[in-house]
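These notes concern the structure reproduced below.
Protein chains: 2
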Amino acid sequence: MQSIKVKSPATLSNLCCGFDILGMALNEPYDIIELSKIDEHKIIIRHTDEFNLPTDPKHNIAGVALQSMMDALNYEGGFDIIIEKKIKPGSGIGSSAASAAGIVVAANELLGKPFNKKQLVAFAMEGELLASGSRHADNLAPCIYGGLVLIRDTSSLDIIELDTPPLFITIVHPQIEIKTSYAREILPKEVSLKSAVTQWANVAGLVSGFLKYDYQLISRSLQDVIVEPVRSKLIPGFDEVKKMGIEAGALGGGISGSGPSLFMLSENQNIAKSVESDMKLIYNHLGIDYKTYVSTVAKSGVEVI
Amino acid sequence: MQSIKVKSPATLSNLCCGFDILGMALNEPYDIIELSKIDEHKIIIRHTDEFNLPTDPKHNIAGVALQSMMDALNYEGGFDIIIEKKIKPGSGIGSSAASAAGIVVAANELLGKPFNKKQLVAFAMEGELLASGSRHADNLAPCIYGGLVLIRDTSSLDIIELDTPPLFITIVHPQIEIKTSYAREILPKEVSLKSAVTQWANVAGLVSGFLKYDYQLISRSLQDVIVEPVRSKLIPGFDEVKKMGIEAGALGGGISGSGPSLFMLSENQNIAKSVESDMKLIYNHLGIDYKTYVSTVAKSGVEVI
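Residue numbers (the numbering used here), protein chains in the order written: chain A, 1 to 305; chain B, 306 to 610.
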């Protein structure tokens, strides 16, 4: 095989109380990445989108991730890459993870699958490091594994696949900029033990709710007493989206990743669409440009097309 | 029915990372409580054990719990109670919870079951409040529901029953005194966000491990980076018990409740018994009196016998 094309999904990380440990792959939106082998030992990157991302492989997330994989293999050839990003950078739904994960999965396929999923996450993390300055796998792991995943430990990459009942995810991306690094900077360094216990009680409830297919338990557990109170202030419309979403019947929701995208989970598509209408109303009223998506959980991660 | 006898089980709370939110009912040891209706509006408490617990119902955990239930019913009769405690007070395996839970379940049976389990936990909490000065349900809820339970929220008593694979629990109770109130006092008021994330990652892993019957995941997740480092210093032999337990093949373990009892979880009885032998060696060597138990998970809580 000389050439391959993959779709690489957006991902929803944190899921309220599950800060830094939970992530979920979405069916919408996704990037398309085309990869071709070339003889020369170099990486050529071209974009067919409007985002003006760097094409120098040393400064491109996909380039860095791919290079780390090539280095591990002592690979002597090279790759020509065409990336069509549909996941807007800085949206909070795993745009950089989709680039890094998509490229390593595609290259792994082209090279006869020398690496397993966990190793691919490790290579992709090199790319993510360039984007966020820290090692996180809560977008990368679901992007590569699909479904809902728990990253129990980032340093050993202890990644656990969790089942979920059918879920519909409504996302709104208000077109404002929040830097991941800033969103991380404003977090408290210390939290009260009381809040921490509340948070891990909800984490335990949320994970149990998913595994037991208990929608009401998922709903009661979708609470974040630590990160949301700080970050939600950066996102106009946050309170309204959450309030109207829950009134429309959603199970709950909050900030997607480090924002500015917001998400609401619903039990069925009708509710998810009604939540989407409300989101549109809210941002039209605020006069802020936005994009919305209604998605299901992507059972597989990066897929060959 | 005029009279009833129940056995009320010991319970293991916290389970390392699950501080204040997880608890498990044990088949060994247990208290025996006998309750008889009397015409007079009073509570008579007698003990057939050597612990010299108060018999004034206002200062007895079982008495306070029962009184709160009688008040809720405007019950005009009274009860004569005989308690045979086999769970030593102050052991950290839910001795006070067994008294409070046992009495309210027994009375509820005698009175034709006017209350559900959740209401019984609420009455029993009145008794526990007397013992520990704070409202906690992580021993009471498993004592009444049986099995492993998650208390997602104490104020609304959101109690979730969780399944587990077969487990063997080895307990050692070194006969030293640690007051629950002191064990709580020395806890940090604030914890780093980093440690809190580590803890809730392990909580998520532990709950997933139980529900997915994944022993290795349970084992990797039985870690406590917040409470154990502080409380373990109060318990001589802690490090040795944990080290030798894991060497003997146990999945992991730590402090039971607020101590001084220690527990180790094992996949089978042979390992659990070998862990018990090691515990005996350790405390014989330290010259500290102790008791040990090897138990399974009690699938039902307080039981009529």
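Heads up, the beta-carbon is just placed ideally off N, CA and C, and yes, glycines get one too.
| Query | Result |
| --- | --- |
| Positions along the region 17 to 36 of chain A whose CB lies within less than 8 Å of some CB in chain B | 17, 18, 19, 20, 21 and 22 |
| Beta-carbon neighbours of residue 190 of chain A, restricted to chain B and to distances below 8 Å | 495, 496, 497 and 498 |
| Whole-angstrom C-beta distance between residue 442 of chain B and residue 426 of chain B, which should lie under 8 Å | 6 Å |
| CB contact below 8 Å: residue 183 of chain A versus chain B | no |
| Buried or exposed by the 16-neighbour rule on C-beta atoms within 10 Å, applied to residue 588 of chain B | buried |
| Where residue 319 of chain B falls: helix, strand or coil (DSSP) | coil |
| Identified DSSP bridge partners for residue 641 of chain B | Here chain B has residues from 306 to 610 only, and residue 641 of chain B is not among them. |
| Cα-Cα separation between residue 565 of chain B and residue 126 of chain A, rounded to whole angstroms | 45 Å |
| Separation of residue 417 of chain B from residue 375 of chain B, as counted between CA atoms | 13 Å |
| Unbroken stretches of the alpha helix (DSSP H), 4 residues or longer, contained in the region 43 to 114 of chain A | 61 to 73 and 95 to 110 |
| Proximal chain A residues relative to residue 522 of chain B, where beta-carbon distance stays under 9 Å | 152, 158 and 160 |
| Boundaries of the beta strand (DSSP E) in which residue 118 of chain A is found, first to last residue | Taken as a continuous stretch (DSSP letters only), residue 118 of chain A belongs to no beta strand (DSSP E), being part of the alpha helix (DSSP H) at 117 to 132. |
| Residue range of the alpha helix (DSSP H) that includes residue 548 of chain B | 543 to 552 |
| From B:388, B:571, B:591 and B:519, residue whose alpha carbon lies closest to that of residue 357 of chain B | B:388 |
| Backbone CA spacing between residue 533 of chain B and residue 347 of chain B [nearest angstrom] | 43 Å |
| Near-chain B residues of the region 217 to 240 of chain A - C-beta to any C-beta below 8 Å | 217, 220, 221 and 226 |
| Extent of the continuous alpha helix (DSSP H) run through residue 513 of chain B | 498 to 516 |
| Residues of the region 397 to 431 of chain B whose Cβ lies closer than 8 Å to any Cβ of chain A, in chain order | none |
| Neighbourhood of residue 556 of chain B by C-beta distance below 7 Å, restricted to the same chain and skipping five residues each side | 520, 523, 524, 527, 570, 571 and 572 |
| Check whether residue 465 of chain B and residue 455 of chain B have beta carbons under 8 Å apart | yes |
| Span separating the alpha-carbon of residue 581 of chain B from that of residue 469 of chain B | 22 Å |
| Heavy atom of the ligand COA within 7 Å of residue 153 of chain A beta-carbon | For the structure depicted, the ligand COA is absent and the ligand set is empty, with no information on it obtainable. |
| Nearest-angstrom Cα separation, counted from residue 182 of chain A out to residue 133 of chain A | 11 Å |
| Proximal residues of chain A, C-beta to C-beta of residue 504 of chain B below 8 Å | 196 and 200 |
| Chain-ordered chain A contacts of residue 510 of chain B [CB-CB under 7 Å] | 150, 152 and 160 |
| Residue environment, residue 114 of chain A, which counts as buried when at least 16 other CB atoms sit within 10 Å | exposed |
| Beta strand (DSSP E) segment containing residue 334 of chain B, residue limits | 327 to 343 |
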